[in-house]
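Notes follow the structure.
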Amino acid sequence: MAMIFIGGSRDLFELPEHAVARIGAIVAAEHGVLIGDAPGADAEAQSLLAGYGYEHVGVFHAGKEPRNNLGDWAAYRIPPPDGAQGFAVHAAKDREMARRADFGLMVWDGASPGTALNVLRLALNGSPCVVYDLMRGMVATIHNMADCSAMLHNAGPDVRNAVEARMTPEERLALPA
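In full-length UniProt numbering, the protein residues as written are 1 to 177.
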């Protein structure tokens, strides 16, 4: 069973039709799903999966309990490093999902640095990721760091700078200039 990391921007509260269809195909193929507990795209995808009555889902969270676990699935707490604040609280769980995933599916608002960083993490691990870039009306499959760099270039310097500010030194070194 392939493991699929599904995620996206917290500011999205409706999944595009093509992403809904792809999640339906994931369910039909009985792939495992790794998903976060955030509001927005994570909660929307969880709602869809729960509507299917799908069981092969693991919810990853940083807090004591998941913020969202709409299917009452197995929950995996990945504690943040001591003193972590803001986005850094959830970075460890995102890295863990990217590490475990064979593939990714990200619904991106075209600006969220967290979603872009998850695409980068998947590329670093050699896991292809389908990205629905809603700002640009594009769908792309990111296979490697060169693809990821092109995605960030298309997003513009503000997004790229925000992503780079959140990277670990190892992630930063892997990004082509």
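Just so you know, even glycine gets a beta-carbon here, dropped at the ideal spot from N, CA and C.
Cβ-Cβ distance between residue i and residue j below 8 Å
| i | j | result |
| --- | --- | --- |
| Glu171 | Leu120 | yes |
| Ala41 | Gly7 | yes |
| Val107 | Leu15 | yes |
| Asn125 | Arg99 | yes |
| Ala50 | Leu70 | yes |
| Gly110 | Ala155 | yes |
| Pro39 | Arg77 | no |
| residue 200 | Val159 | Nothing about residue 200 can be read from this structure; the chain reaches only from 1 to 177. |
| Ala123 | Asp147 | yes |
| Phe87 | Gly63 | no |
| Met167 | Ala101 | no |
Spatial neighbours of residue i in its chain, beta-carbon cut-off 6 Å, leaving aside the 5 residues before and after
| i | result |
| --- | --- |
| Pro128 | Phe103, Thr141, His143 |
| Ala25 | none |
| Ala19 | Val107, Tyr132 |
| Val139 | Tyr132 |
| Asp37 | Val59, His61, Pro66, Arg67, Asn68 |
| Gln80 | Inspection of the sequence shows that residue 80 is occupied by Pro rather than by Gln. Around Pro80: Ala62, Val89, Ala92. |
Residue i - partner residues in DSSP beta bridges
| i | result |
| --- | --- |
| Val159 | In DSSP, Val159 forms no bridge with anything. |
| Val57 | Val33 |
| Ala140 | Val131 |
| Ile26 | In the DSSP output, where bridge partners are listed per residue, Ile26 has none listed. |
| Phe5 | Leu34, Gly104 |
Exposure of residue i, with buried meaning 16 or more beta-carbon neighbours within 10 Å
| i | result |
| --- | --- |
| His153 | exposed |
| Arg22 | buried |
| Ser47 | exposed |
| Met151 | buried |
| Met97 | buried |
| Pro169 | exposed |
| Ala91 | buried |
Contacts around residue i, its chain only, beta-carbon distance under 8 Å, and the 5 residues preceding and following it disregarded
| i | result |
| --- | --- |
| His56 | Met1, Glu30, His31, Gly32, Val33 |
| Ala74 | Val57, Gly58, Val59 |
Beta-carbon contacts of residue i that lie in its chain and below 7 Å, excluding the five residues immediately before and after
| i | result |
| --- | --- |
| Met135 | Asp109, Gly110, Ala111 |
(message) Threshold first: 4 residues or longer. Then list the alpha helix (DSSP H) segments lying entirely within the stretch 56-136, N to C.
(response) 88-100, 113-124
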